[in-house]
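Numbering (this note's numbering), first residue to last: 12 to 201.
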């Protein structure tokens, strides 16, 4: 990996986008990778669009600026389509991963993205069924793991346990892990 691989997360305040980015960073650290994880938001309120970023490499990362040309874009909230340019700066052969209840082909049509890879999963439905409410960060991490071979799924599961260990009850952590695993299985790639 010459240039660091860059990921941009899109969501709304309170949806766990920053947490997802941190969990991924924790997993990368556990595997001895070099990484950066940082959010981009101002005085926005709950529900306002937010971005978070990851940058990773096998070698030390010497750049300290925003991510402008990501290889992967993860869209946690489908209401952002049309409200935010989620494809901005995405490499033509990049990957779009989205919480979207339909096929990758439908999302391609919606976005006008006819190159690269599109991955969809109904993370809202999965989390509602398992957790009883919509929690999007863990299912979207599972979906990312489906196409992202830079970190092992088991390491991401360990990072989730670690990040949530003192914040959530053990049964809630297990449900989050089940969301992650199910989204990994149900993700559609096209």
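Each residue gets a CB set at the ideal place from its N, CA and C atoms; glycine is no exception.
Alpha-carbon to alpha-carbon, residue 80 and residue 30: 22 Å
Which of helix, strand or coil DSSP assigns to residue 138: helix
Boundaries of the alpha helix (DSSP H) in which residue 26 is found, first to last residue: From DSSP, residue 26 is part of no alpha helix (DSSP H); its letter is neither H nor E.
For residue 144 and residue 197, the rounded distance between their alpha carbons: 18 Å
Identity of the residue in 23, 24, 32 and 97 nearest residue 153 by Cα: 32
Residue 107 vs residue 87 beta-carbon contact at 8 Å: no
Bridge partners - residue 19, DSSP secondary structure assignment: 64 and 84
Among 23, 200 and 17, the one whose alpha carbon lies nearest that of residue 112: 200
Straight-line Cα distance separating residue 70 from residue 163: 18 Å
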